[in-house]
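Asker: Take a look at the following structure, please.
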Amino acid sequence: MNIESYYVGKDEKPLDVIKPDGGFTSIFRTIACIGDSLSSGEFESHNPDGSLNWNDMYEYSWGQFIARATGSKVYNFSKGGMTAKKYMTSFADERDFFSEDKLCQCYIMALGVNDILNQNMPLGTLEDVDLADYRNNKDSFTGWYCAIIQRLKSMRPDAKFFLVTMPRGRNDEKQAEFAKHLGKICDFFDNCYLIDLYKYAPVYDEEFKKHFYLGGHMNPMGYKLTADMIMSYIDYIIRANPADFYQTGFIGTGKKY
């Protein structure tokens with residue numbers, strides 16, 4: 002056995018080693034995926050008149066590919082068109098996503114496309130965040146996005162959060178700014194880690210889309226590829242920071258070593 006393969010190699014980058022079985026991602030037995038259509042297994046279909054339908058097919062979401070690979074319980078707290086503001090003002094509460102029985106050890110947050118690229122919501126700054134009371138956060142992407150984290154941390158303070166950037170390929174200037182800003186949010190909160198697809202994932206160019214897209218969203222292979230990237234990135238983070246994850250089994254129990 003080569004135990005070195007379980008350590009982070011010299012000069013290894015987050016997606017140099019792909020773990021189709023999830024690697025150490027499986028130490029999380031409950032995972033929630035908070036996101037939009039790209040977290041929901043969205044497929045586009047055409048009506049007889051040629052108009053488009055958008056279909057959330059959760060079994061094809063990258064979250065459910067992660068569930069099948071790791072054996073963990075994975076929740077899709079996502080829907081096509083979702084924004085951080087909509088999540089906090091109606092969507093999550095209407096579906097009881099903040100209920101005690103749905104609290105998780107791990108939250109993967111993949112919001113921002115609709116907020117920043119499609120609806121031009123102001124990105125905001127960390128000054129929009131009231132750490133004492135998330136309900137006082139300002140009306141910006143940062144205000145609403147951080148409110149999600151704050152509310153969950155108030156209920157499960159030792160949960161781990163993984164914030165996903167947008168990959169390159171659509172609006173690189175905004176995507177680059179967004180990735181940098183998510184990094185600042187990770188530094189702002191404890192137990193918060195960046196999955197920087199902008200920096201480390203392939204460019205989502207035309208050649209990529211020939212293989213992994215169906216219209217403006219991914220095809221089944223694309224969602225499986227996304228699952229492999231996210232699991233492998235989380236595995237890398239755990240291997241790079243083992244002391245942060247020693248007590249994962251105690252998350253939510255009130256116990257500690």
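If you read the sequence shown in this note's numbering, its first letter stands for residue 2, the second for the next number, and so on.
Built from N, CA and C at the ideal position, the CB exists for glycine as well.
These numbers come from a predicted model, not from an experiment.
1. Label TYR1 either buried or exposed according to how many other C-beta atoms from any shown protein chain fall within 10 Å of its C-beta, with 16 as the threshold for buried.
2. Considering only the beta carbon of each residue, do TYR61 and GLY42 sit closer than 7 Å?
3. Need the endpoints of the alpha helix (DSSP H) that LYS154 sits in, please.
4. Quick one: Cα of LYS87 to Cα of MET110, how far?
5. Would you kindly work out how many angstroms separate the C-alpha atoms of TYR234 and PHE25, rounded to a whole number?
6. Once the 5 residues before and after ILE28 are set aside, which same chain residues still bring their CB inside 8 Å of it?
7. Less than 8 Å between the CB atoms is what I'm expecting for SER73 and ARG30, so what's the real figure, rounded?
8. Please state if the CB of TRP63 and the CB of ALA244 are separated by a distance shorter than 7 Å.
9. Assign VAL165 to one of two classes, buried (16 or more other C-beta atoms within 10 Å of its C-beta) or exposed (fewer than that).
10. At what residues does the alpha helix (DSSP H) containing THR71 begin and finish?
11. Report, in whole angstroms, the separation of the C-beta atoms of GLU45 and GLY184, which I expect to be a contact under 8 Å.
12. Is the number of C-beta pairs between the stretch 47-60 and the stretch 197-210 that are closer than 8 Å three or more?
13. At what residues does the beta strand (DSSP E) containing SER46 begin and finish?
14. Within the chosen definition, does the stretch 110-129 reach the stretch 141-151 through at least 3 CB pairs nearer than 8 Å?
15. With DSSP run on the structure shown, which of helix, strand or coil describes THR31?
16. Report, in whole angstroms, the separation of the C-beta atoms of LYS20 and MET232, which I expect to be a contact under 8 Å.
17. With H, G and I counted as helix, E and B as strand and the rest as coil, what does DSSP make of GLY255?
18. Could you tell me whether the Cβ atoms of TYR199 and GLN176 are closer together than 7 Å?
19. Tell me whether ALA93 sits in a helix, a strand or coil according to DSSP, three-state version.
20. Apply the 10 Å Cβ neighbour rule to THR90 and answer buried if 16 or more other Cβ atoms are within range, or exposed otherwise.
21. Spatial neighbours of VAL9 within its chain, please: CB distance less than 8 Å, with the 5 preceding and 5 following residues excluded, ordered by chain position.
22. Where does ALA133 fall in DSSP's three states?
23. Out of MET219, PHE162, ALA70 and ALA133, state which residue places its alpha-carbon closest to the alpha-carbon of ILE252.
24. With distances taken between CB atoms, is the gap from ASN115 to ASP173 smaller than 7 Å?
25. Where in the stretch 165-250 do unbroken runs of the beta strand (DSSP E), each at least 3 residues long, occur, reported from the N-terminal end onward?
Answerer: In short, the structure shows the following:
1. Absent from the structure is residue 1, since the part of the chain shown begins at 2 and ends at 258.
2. Closer than 7 Å, so yes.
3. For LYS154, the enclosing alpha helix (DSSP H) stretches over residues 142-156.
4. If you take the alpha carbons of LYS87 and MET110, they lie about 14 Å apart.
5. Take the alpha-carbon of TYR234 and the one of PHE25: they are about 10 Å apart.
6. Around ILE28: ILE239, PHE246, THR249 and GLY250.
7. With 8 Å as the limit, SER73 and ARG30 qualify as a contact, their Cβ atoms being about 5 Å apart.
8. Remark: C-beta atoms of ALA244 and TRP63 do not approach each other more closely than 7 Å.
9. Burial is judged here by how many other beta carbons sit within 10 angstroms of a residue's own beta carbon; VAL165 has at least 16 and is buried.
10. Following the DSSP letters along the chain, one finds THR71 inside the alpha helix (DSSP H) bounded by residues 63-71.
11. Incorrect: roughly 32 Å between the Cβ atoms, too far for contact.
12. Counting C-beta pairs with one atom in each stretch, the stretch 47-60 and the stretch 197-210 have fewer than three that are closer than 8 Å, which means they do not touch.
13. Looking at the DSSP string, the run of the beta strand (DSSP E) that includes SER46 is 43-47.
14. With contact defined as three or more Cβ pairs closer than 8 Å, the stretch 110-129 and the stretch 141-151 are in contact.
15. Three-state DSSP puts THR31 in a strand.
16. Yes, LYS20 and MET232 are in contact; Cβ-Cβ is about 6 Å, under 8 Å.
17. The three-state secondary structure of GLY255, taken from DSSP, is coil.
18. The answer is yes: Cβ separation under 7 Å.
19. In this structure, ALA93 counts as helix in the three-state DSSP scheme.
20. By the Cβ-count criterion, THR90 is exposed, with fewer than 16 other Cβ atoms from all chains shown falling within 10 Å of its own Cβ.
21. Cβ within range, chain order: TYR237, ARG240 and ALA241.
22. Residue state, collapsed to three classes: coil.
23. The candidate whose alpha carbon is nearest that of ILE252 is PHE162.
24. Result no, Cβ atoms of ASN115 and ASP173 do not sit closer than 7 Å.
25. Taking only runs of at least 3 residues, the beta strand (DSSP E) segments lying wholly in the stretch 165-250 are 193-196.
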